Amino acid sequence: MTDPTTAPAPALDENQIIAERRAKLAAIRKQGPAFPNDFDRRDYAGKLAAAHGNQSKEALEAAAVEVQLAGRMMLKRVMGKASFATLQDMSGQIQVYVTNDHAGAESHDAFKHWDLGDFIGVTGILFKTNKGELTIQARSIRLLSKALRPLPEKFHGLADQEQKYRQRYLDLITNDVAREAFMRRSKIISAIRAFMIERDFLEVETPMMHPIPGGAAAKPFATHHNALDMEMFLRIAPELYLKRLVVGGFEKVFEINRNFRNEGLSTRHNPEFTMMEFYEAYREYRYLMDLTESLIRAAAMAATGSTVVPYQGHEIDLGKPFARLTIVEAIRHYHPQYTVEQLNDRDWLIGQFKAMKGKYRPHDGLGGLQLSFFEETTETLLIQPTFIIDYPAEVSPLARRSDAQPDITERFELFITGREMANGFSELNDAEDQAERFMDQVRQKEAGDEEAMHYDADYIRALEHGLPPTGGCGIGIDRLVMLLTDSPSIRDVILFPQMRRES
RNA sequence: GGGUCGGUAGCUCAGCCGGUAGAGCAGCGGACUUUUAAUCCGUUGGUCCCGAGUUCGAAUCUCGGCCGACCCA
Numbered sequence: 008m009t010d011p012t013t014a015p016a017p018a019l020d021e022n023q024i025i026a027e028r029r030a031k032l033a034a035i036r037k038q039g040p041a042f043p044n045d046f047d048r049r050d051y052a053g054k055l056a057a058a059h060g061n062q063s064k065e066a067l068e069a070a071a072v073e074v075q076l077a078g079r080m081m082l083k084r085v086m087g088k089a090s091f092a093t094l095q096d097m098s099g100q101i102q103v104y105v106t107n108d109h110a111g112a113e114s115h116d117a118f119k120h121w122d123l124g125d126f127i128g129v130t131g132i133l134f135k136t137n138k139g140e141l142t143i144q145a146r147s148i149r150l151l152s153k154a155l156r157p158l159p160e161k162f163h164g165l166a167d168q169e170q171k172y173r174q175r176y177l178d179l180i181t182n183d184v185a186r187e188a189f190m191r192r193s194k195i196i197s198a199i200r201a202f203m204i205e206r207d208f209l210e211v212e213t214p215m216m217h218p219i220p221g222g223a224a225a226k227p228f229a230t231h232h233n234a235l236d237m238e239m240f241l242r243i244a245p246e247l248y249l250k251r252l253v254v255g256g257f258e259k260v261f262e263i264n265r266n267f268r269n270e271g272l273s274t275r276h277n278p279e280f281t282m283m284e285f286y287e288a289y290r291e292y293r294y295l296m297d298l299t300e301s302l303i304r305a306a307a308m309a310a311t312g313s314t315v316v317p318y319q320g321h322e323i324d325l326g327k328p329f330a331r332l333t334i335v336e337a338i339r340h341y342h343p344q345y346t347v348e349q350l351n352d353r354d355w356l357i358g359q360f361k362a363m364k365g366k367y368r369p370h371d372g373l374g375g376l377q378l379s380f381f382e383e384t385t386e387t388l389l390i391q392p393t394f395i396i397d398y399p400a401e402v403s404p405l406a407r408r409s410d411a412q413p414d415i416t417e418r419f420e421l422f423i424t425g426r427e428m429a430n431g432f433s434e435l436n437d438a439e440d441q442a443e444r445f446m447d448q449v450r451q452k453e454a455g456d457e458e459a460m461h462y463d464a465d466y467i468r469a470l471e472h473g474l475p476p477t478g479g480c481g482i483g484i485d486r487l488v489m490l491l492t493d494s495p496s497i498r499d500v501i502l503f504p505q506m507r508r509e510s
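Residue numbering for the first sequence follows our numbering, starting at 8 and increasing by one per position.
Rendered as structure tokens:
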């Protein structure tokens, strides 16, 4: 058994094209530094297009704008004594015109042997071609970095999904949609951060390695700390640490970071995913819903410039107030044939599960069964933004009970496009109730529920020092980015999604 | 875990009613000073995912495996 981290690379997929390029590189090495780093890039393709794209051919010629730009050569058209190339940098693409007259025959001849994918530095004057395309008339042109491997096919790009994920760099080089999605992801996260900071939230970082995995019902990844000889877990949620900070007097905190859950992969699940969790003292769950709505609108505006966004053929309206329905209300709204009496009848619900071969936990109380029934029948129908409110206490071990109805909690989940986007609640700040709920979780774990929570004594101790009334919410960033980039799979919004080991 | 589809040149794909592998792009050589997926002529390049089986003969049929996408649980 070889160690995959140190074993040499498997037999290289060398081929004629790579050999050809290696030979070119060897020749370049003989002429001096093959990978020079002294080129002074001053201009960007996108900025030049924005600044000069609308100028007339004549005006541009009169201005004689000198530019100095570098990028990867994506296209190349050689026509004897003159050539065109398309360079791509982070901001976009621009065409370069290389001629014997202006760049010199020697440079132009060298250029003819450069390959698609090579990095090139060019200095020259902006002009417009007869077809009106903004182009750099090269005065000098240099090879900055040789690409030994060929790019994917220039017209179709990279089509193999696996390769898009495993070699994301190729996807980013060749696929505008992918590049745009990840740039949009960055904008969304920036917008969320700005939104929170503007409202006086403090951004914090809490541990990713937990001695006791807590804050969610999920299976953790286990690891081991050698020096402490201690079993540790990658966090499944930051919740319990963030609430410790509220105990400590940080009354408004948020964290944008990764959670890790040891579960299957799907178009909606990656084992590591990004959550934004926030907590605010002296607030309860209705306020959290308002804030969550505003935040999602702000993110949508930042990403798309609109609060109405297309998603896989649907038009999602994030501008209107989000619907707020209890579990039973939601089921009845989408399935009017079920009566309140039926939905409040354990035996009827269990009969339905059996008839539809649905998943449910037989020992759940009415609330838990109703929730499972909701998940089976209604969740995927919640295309437009909908808060489902008042979750049963038995499935919400960290949420505050309703004073009017102690078997339910002041909790909501937000669904958009049939997917859970956020989960928030008035926090349980009664240390004695929390201790009992943990005990209850421990009993469920002993009964075989792998996702039940552990008893976290330190967290109870923190609560015993007093947690002010607090509201907290987690928003799934990847799923939000999916929505705002019209991406069908979570893998389209995670740069390097988890994959099976390459064979 | 189950189902469907797929894996052929560096890339995008055809070939799959069994007869020993093709196109376009990329590469190489040549022509071409406003092209833009440039064009035109010539040309190199393959563990047809892996293994077994059937057969005179397998990219093609059968079985098993690996990997991926999508759907379902």
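All C-beta atoms in this analysis are idealised placements derived from N, C-alpha and C, irrespective of residue type, glycine included. Keep in mind that this is a model prediction, so the values were computed, not measured.
- Task: Mind reading off the beta-carbon distance from M283 to I199? Whole number of angstroms is fine, and I expect it under 8 Å.
- Result: 6 Å
Can you tell me whether F162 is buried or exposed? The criterion is at least 16 other CB atoms within 10 Å of its CB, across all chains shown.
exposed
(request) With D447 as the anchor, note down where its beta strand (DSSP E) starts and where it stops. (result) Not the beta strand (DSSP E): D447 falls in the alpha helix (DSSP H), residues A438 to E453.
Practice problem: Identify every residue that forms a DSSP beta bridge with Q100. | Solution: Q95
The alpha helix (DSSP H) enclosing S114, as first and last residue numbers = A112 to K119
Beta bridge counterpart(s) of L421 as assigned by DSSP: F394 and A429
Point to revise | The alpha helix (DSSP H) enclosing S379, as first and last residue numbers | key: L373 to T384
Worksheet item: Thinking just about the alpha-carbon of each residue, which of G431, D397, K250 and R498 is nearest to the one in A469?
Response: K250
* To do: Count the other CB atoms, across all protein chains shown, that sit within 10 Å of the CB of P495; report buried if there are 16 or more and exposed otherwise.
  => exposed
By how many angstroms is the C-alpha of A26 removed from the C-alpha of A18?
The pLDDT assigned to A18 is 37, lower than 50, so where the model puts this residue is not dependable, and the model offers no usable value.
Contacts around H461, its chain only, beta-carbon distance under 8 Å, and the 5 residues preceding and following it disregarded:
I219, P220, G221, F445, Q448, V449 and K452
Beta-carbon proximity check, T181 vs L155, cutoff 9 Å = In this structure, T181 sits away from L155, with a CB-CB distance that is not shorter than 9 Å.
Look at the alpha carbon of M506 and the alpha carbon of G87, and state the distance between them as a whole number of angstroms.
Cα to Cα, the separation comes out at about 46 Å.
Just the C-alpha distance for L165 and D499, rounded to the nearest angstrom, thanks. 14 Å
L252 and T213 closer than 9 Å at C-beta | yes
For the alpha helix (DSSP H) that K250 lies in, which residues bound it at each end?
-> Boundaries of the alpha helix (DSSP H) harbouring K250: E246 to V254, taken from the DSSP string.
message = Spatial neighbours of T274 within its chain, please: C-beta separation below 8 Å, excluding the five flanking residues on both sides.
response = P495, S496, I497 and R498
(request) Using the Cα positions of D167 and T142, report the straight-line distance between them to the nearest angstrom. (result) Cα to Cα, D167 sits roughly 33 Å from T142.
Where the beta strand (DSSP E) containing K259 begins and where it ends: For K259, the uninterrupted beta strand (DSSP E) segment begins and ends at K259 to F267.
Practice prompt. Identify the continuous beta strand (DSSP E) that holds L133 and give its terminal residues.
Written response: Segment F126 to K135, the beta strand (DSSP E) holding L133.
### Task
Quick one: measure Cβ to Cβ for R146 and I132, integer angstroms, because I've assumed they're closer than 8 Å.
With a Cβ gap of about 7 Å, R146 and I132 count as contacting.
Query - Residue from D485, N61 and A464 with nearest C-alpha to E279 - result: D485
Tell me whether the beta-carbon of L123 lies closer than 9 Å to the beta-carbon of M80.
yes
Quick check on DSSP: helix, strand or coil for P15? The predicted model places P15 with a pLDDT of 36, which falls under 50 and marks its position as unreliable; any figure quoted below should be read in that light. Residue state, collapsed to three classes: coil.
Practice problem: Indicate whether E427 and G483 have their beta-carbon atoms separated by less than 9 Å. | Solution: yes
### First and last residue of the uninterrupted alpha helix (DSSP H) at I222
The question names Ile, but residue 222 in the sequence shown is Gly. Unbroken run through G222: none, as it is neither H nor E.
Between the C-alpha atoms of I390 and I24, what's the straight-line distance to the nearest angstrom?
Approximately 49 Å, taken between the alpha carbons.
Can you tell me whether H217 is buried or exposed, with buried defined as 16 or more other CB within 10 angstroms of its CB? buried
Have a look at G60, A288, S152 and M239 and flag the residue whose alpha-carbon is nearest the alpha-carbon of D45. S152
Counting only the same chain and skipping the five closest in sequence on each side, list residues whose C-beta sits under 8 Å from that of P43.
R149 and L151
inquiry  = Quick check on D47: buried or exposed, where buried means 16 or more other Cβ atoms within 10 Å of its Cβ?
reply    = Exposed, by the Cβ-count rule.
Handout entry: Segments assigned beta strand (DSSP E), at least 3 residues, entirely inside the segment 286 to 349
Key = 315 to 318, 321 to 324 and 330 to 333
Practice item. Would you check if the distance between the CB atom of T477 and the CB atom of E287 is smaller than 9 Å? Key: yes
For M215, the first and last residue of its enclosing beta strand (DSSP E): Unbroken run through M215: none, as it is neither H nor E.
**Asked** Alpha carbon to alpha carbon, how far is D493 from L325?
**Response** 14 Å
Looking only at C-alpha atoms, which of E322, D236, A229 and R265 sits nearest to E246? Checking every option, the nearest Cα to that of E246 belongs to R265.
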